[in-house]
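Worksheet for the structure shown next.
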Amino acid sequence: MLAMEVGHRVNMEGGTACCRKTSPHGLIDCIACLNDAWSILLEALDPENRSHAEWILKAAQQAGPTGIGKSDILAFWRKALASSHQPEVAVIIDQMVEASIPQIYWTGYDSLVLISAHVVPKWSVTISKDPLLYVFPRRWLDIRGIKVPDFWQAALRAVMGLVVFRPGISQTEIRWRLRSVYDRQEINEVLRYLYREGHLEQRLGHHPVLHAALPPFDDEEELKVHWFIGEKHWYQV
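Residue numbers for the sequence shown follow our numbering, beginning at 1 and rising by one.
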């Protein structure tokens with residue numbers, strides 16, 4: 001939680017923020033919105049997981065715009081917790097990222113990093129100033145931040161095409177083959193969508209990935225993640 005009690009539409013530096021009260025969508029950096037959402041999230045966690053969430057948020061905030069690497073976070077938990085607790089940490093991070101008003105975000109292009117919501121303007125583009133609205137740059141969004149169906153479908157089919165003709169392809173190779181068109185975050189977003197919709201299945205080494213909280217993967221993990229056609233027919237994409 002950010003240690004400030006202020007009104008809405010104000011960011012950590014005291015400037016204008018993207019606020020849920022004025023923006024139905026977009027990347028929120030309004031302190032009041034983030035504090036309210038943080039309180040709701042903590043109420044849903046048990047005491048142990050609450051302390052884990054607080055540490056994760058604090059680490060992301062202290063890292064600033066640079067962010068903290070996924071490997072750095074996991075290294076801490078390997079030292080501090082038994083291995084049986086590590087999947088719970090992934091679930092907590094996923095809850096914080098996937099909340100209606102996220103406290104943290106996965107971002108980064110050369111490497112995967114976790115950032116706090118209060119620095120999200122550094123990683124996003126401004127598509128409106130009144131009201132202020134931030135979005136992550138994506139090839140399938142227009143200048144208003146609206147998804148263009150044809151561009152989105154092209155991205156889905158580009159990834160599906162690789163898996164159809166190369167079952168078991170690693171995520172590293174998917175990113176490499178599409179590197180001239182889509183960046184790391186765009187590939188992650190497409191893969192996550194196709195996985196959740198049942199079009200793709202993934203395996204980490206020889207084991208199926210059973211929890212959607214595990215993605216996104218860092219460079220080392222991507223070498224071990226392999227993608228296969230899911231239960232839904234590929235031509236339904």
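Don't be surprised by glycine CBs; every beta carbon is placed ideally from N, CA and C.
Rounded to a whole number of angstroms, what is the C-alpha to C-alpha distance between Cys18 and Lys122? Reading the sequence shown from its first residue, position 18 is the one you call residue 18. Reading the sequence shown from its first residue, position 122 is the one you call residue 122. So the alpha carbons of these two residues sit roughly 13 Å apart.
Would you identify the three-state DSSP class for Val97, choosing helix, strand or coil? What you label residue 97 is simply residue 97 of the sequence shown in a count that begins at 1. Note: Val97 maps to helix in three-state DSSP.
Under 8 Å by Cβ, that's how I've got Val97 and Arg157 pegged, so tell me the actual separation to the nearest angstrom. The residue labelled residue 97 in the question sits at position 97 within the sequence shown. The residue labelled residue 157 in the question sits at position 157 within the sequence shown. No, Val97 and Arg157 are not in contact; Cβ-Cβ is about 26 Å, not under 8 Å.
Tyr134 beta carbon less than 8 Å from that of Val119: Position 119 of the sequence shown, counted from the first residue, corresponds to residue 119. Position 134 of the sequence shown, counted from the first residue, corresponds to residue 134. Their beta carbons are not under 8 Å apart, which means Val119 does not touch Tyr134 by this criterion.
Counting Cβ pairs closer than 8 Å, one from the region 146-162 and one from the region 42-52, do we hit at least three? no
Just to check my reading of the structure: Ile229 and Val125 have Cβ atoms closer than 8 Å, yes? What is that Cβ distance to the nearest angstrom? Locating residue 229 in the sequence shown gives position 229, counting from the first residue. Locating residue 125 in the sequence shown gives position 125, counting from the first residue. In fact, because the Cβ distance is near 34 Å, the residues do not count as touching under 8 Å.
Using only the alpha-carbon positions, how far apart do His199 and Gly161 sit? The sequence position of residue 199 within the sequence shown is 199, counting from 1. The sequence position of residue 161 within the sequence shown is 161, counting from 1. Each residue's alpha carbon lies about 12 Å from the other.
Go ahead and label Ser23 buried or exposed: buried means 16 or more other beta carbons lie within 10 angstroms of its beta carbon, across all protein chains shown. Along the sequence shown, read from residue 1 onward, the residue named residue 23 stands at position 23. The residue is buried, with at least 16 neighbouring Cβ atoms inside 10 Å.
Under three-state DSSP, which class holds Asp219? By 1-based counting over the sequence shown, the position of residue 219 is 219. DSSP places Asp219 in helix when its eight states are reduced to three.
Indicate the three-state DSSP secondary structure (helix, strand or coil) for Arg144 in the structure shown. Counted from its first residue, the sequence shown places residue 144 at position 144. In this structure, Arg144 counts as coil in the three-state DSSP scheme.
If you follow the beta strand (DSSP E) that Gln202 is part of, which residue opens it and which one closes it? Translated into positions along the sequence shown, residue 202 becomes position 202. Where Gln202 is concerned, the enclosing beta strand (DSSP E) stretches over Leu200 to Leu204.
Is it buried or exposed for Glu13, if we count other Cβ within 10 angstroms and need 16 for buried? What you label residue 13 is simply residue 13 of the sequence shown in a count that begins at 1. With fewer than 16 Cβ atoms within 10 Å of its Cβ, Glu13 is classed as exposed.
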